[in-house]
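Q: Dropping a structure here in structure tokens format, bear with me for questions.
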Amino acid sequence: MIGPDVAGIAERLGLAADTATAIGQLAAETGLDVDAAYAVQTALLQRRLDRGERLVGLKMGLTSRAKMAQVGVDEVIWGRLTDVMRVPDGGIVDTGAYIHPRVEPEVAFLLDRLPEPGEPIGDFTDAVRAVAPAIELIDSRYADFTFSLPDVVADNTSAAAFVVGPWSPVPDGLENLGVLLEIDGRVAQVGSTAAILGDPRRALDEGIRLTGRHGVRLREGWLFLAGAATAAVPLRPGAHVRAVVEKLGTASLRAAS
Ligand code: OOG
Ligand code: MG
Numbered sequence: 033m034i035g036p037d038v039a040g041i042a043e044r045l046g047l048a049a050d051t052a053t054a055i056g057q058l059a060a061e062t063g064l065d066v067d068a069a070y071a072v073q074t075a076l077l078q079r080r081l082d083r084g085e086r087l088v089g090l091k092m093g094l095t096s097r098a099k100m101a102q103v104g105v106d107e108v109i110w111g112r113l114t115d116v117m118r119v120p121d122g123g124i125v126d127t128g129a130y131i132h133p134r135v136e137p138e139v140a141f142l143l144d145r146l147p148e149p150g151e152p153i154g155d156f157t158d159a160v161r162a163v164a165p166a167i168e169l170i171d172s173r174y175a176d177f178t179f180s181l182p183d184v185v186a187d188n189t190s191a192a193a194f195v196v197g198p199w200s201p202v203p204d205g206l207e208n209l210g211v212l213l214e215i216d217g218r219v220a221q222v223g224s225t226a227a228i229l230g231d232p233r234r235a236l237d238e239g240i241r242l243t244g245r246h247g248v249r250l251r252e253g254w255l256f257l258a259g260a261a262t263a264a265v266p267l268r269p270g271a272h273v274r275a276v277v278e279k280l281g282t283a284s285l286r287a288a289s
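Sequential numbering of the sequence shown, starting at 33, is according to this note's numbering.
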């Protein structure tokens, strides 16, 4: 049997992102399953590497109930981050470069030496050098931000841009820190790091396990976004966005007007 056209689907998704033009969902029409969707994601990454971008880390998606409920997909997923997606803390983004951008508060890890595949993470502080508050800007390439599980995996889990705030040494506990997402100084979302799989440290175990299924190994020096602690909020031109994570501080961005 001939499988789905992985390269062709990657091209359609890549062009949709490059031109900020929404497309219809592809999985049902093309028979794309989750494994083939991760192959599309790899092809999309290759397309970015071919134009000079560098892989700088991974992001987890749908590690909180709030996010699963918002998009109607209830499986933990992962995607790739490149250097071009990184916006400096306090930096400016152009909403016109995206289809329907949303922002969400996250926790970022700076990875240290990781165990061999199959080995458990012993001490979290051996595997993670530092932690930081972060904002992820997501932008589904599908019309109406509506997708199935294979669709969102193929679309690099809606990854578009991200901001990492100042790094701190790993605090004693990460499992119950208050999280706020502020838009123009007003609280838009309130949550806790407990929303991220009960403890964002678990997102790393899941990341190692789920990427291992596809032969991907996390690397020392990579960034790792553990997933949003709250639902995402639409990013409007001119908005000033701040994510606040208790003990870790803030990360911010501004959308050009
Ligand atoms: C999928 C990506 C989810 C998160 O932090 O849960 C994600 C989406 O919501 O479009 O990045
Ligand atoms: Mg996210």
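Even glycine gets a Cβ: it sits at the ideal position worked out from N, Cα and C.
Straight-line CA distance for residue 159 to residue 233?
A: In the sequence shown, the residue the question calls residue 159 occupies position 127. In the sequence shown, the residue the question calls residue 233 occupies position 201. Roughly 10 angstroms between the two C-alpha positions.
Q: Going by CA-CA distance only, name the one from 50, 105, 61 and 265 that's closest to residue 76.
A: Looking up residue 76 in the sequence shown gives position 44. Of the candidates 50, 105, 61 and 265, the one whose C-alpha sits nearest the C-alpha of residue 76 is 50.
Q: Which residues bound the beta strand (DSSP E) around residue 170?
A: The sequence position of residue 170 within the sequence shown is 138, counting from 1. 160-170 is the extent of the beta strand (DSSP E) around residue 170.
Q: Note down, in chain order, each residue of its chain lying with its Cβ closer than 8 angstroms to the Cβ of residue 220, except the 5 sequence neighbours on either side.
A: By 1-based counting over the sequence shown, the position of residue 220 is 188. Around residue 220: 213, 214 and 265.
Q: If you measure from the CB of residue 264, is any heavy atom of the ligand OOG nearer than 7 angstroms?
A: Within the sequence shown, the letter at position 232 stands for residue 264. True, at least one ligand heavy atom lies under 7 angstroms from that Cβ.
Q: Report buried or exposed for residue 262, applying the criterion of at least 16 other Cβ atoms within 10 angstroms of its Cβ.
A: Locating residue 262 in the sequence shown gives position 230, counting from the first residue. When all chains shown are included, residue 262 counts as buried.
Q: Classify residue 182 as helix, strand or coil using the three-state DSSP reduction.
A: Along the sequence shown, read from residue 1 onward, the residue named residue 182 stands at position 150. Note: residue 182 maps to helix in three-state DSSP.
Q: Hey, could you find the ends of the alpha helix (DSSP H) residue 244 is sitting in?
A: For the purposes of this step, residue 244 is taken as the residue at position 212 of the sequence shown. Residues 233-244.
Q: Taking buried to mean at least 16 other C-beta atoms within 10 Å of its own C-beta, is residue 103 buried or exposed?
A: The residue you call residue 103 lines up with position 71 of the sequence shown. Buried: at least 16 other Cβ atoms inside 10 Å.
Q: Quick one, what's near the ligand MG if you take every residue whose CB is closer than 5 angstroms to any heavy atom, in chain order?
A: For the ligand MG, the selected residues are 168 and 260.
Q: Would you list the one or two residues that DSSP bridges to residue 138?
A: Here residue 138 corresponds to residue number 106 of the sequence shown, with the count starting at 1. Per DSSP, 166.
Q: Can you give the beta carbon distance from residue 279 to residue 201, rounded, assuming they're within the 8 angstroms contact cut?
A: The residue labelled residue 279 in the question sits at position 247 within the sequence shown. The residue labelled residue 201 in the question sits at position 169 within the sequence shown. Not really, about 11 angstroms apart at Cβ, beyond 8 angstroms.
Q: Quick one, which of 188, 272, 207 and 161 has its alpha-carbon nearest residue 48's?
A: Within the sequence shown, residue 48 is the residue found at index 16, counting from 1. Considering only alpha carbons, the answer is 188.
Q: Which term fits residue 105, buried or exposed, when burial requires 16 or more other beta carbons within 10 angstroms of its beta carbon?
A: Locating residue 105 in the sequence shown gives position 73, counting from the first residue. Buried, by the Cβ-count rule.
Q: Can you tell me which of 54, 260, 167 and 277 puts its alpha carbon nearest to the alpha carbon of residue 174?
A: By one-based count along the sequence shown, residue 174 stands at place 142. Comparing Cα positions, the closest option is 54.
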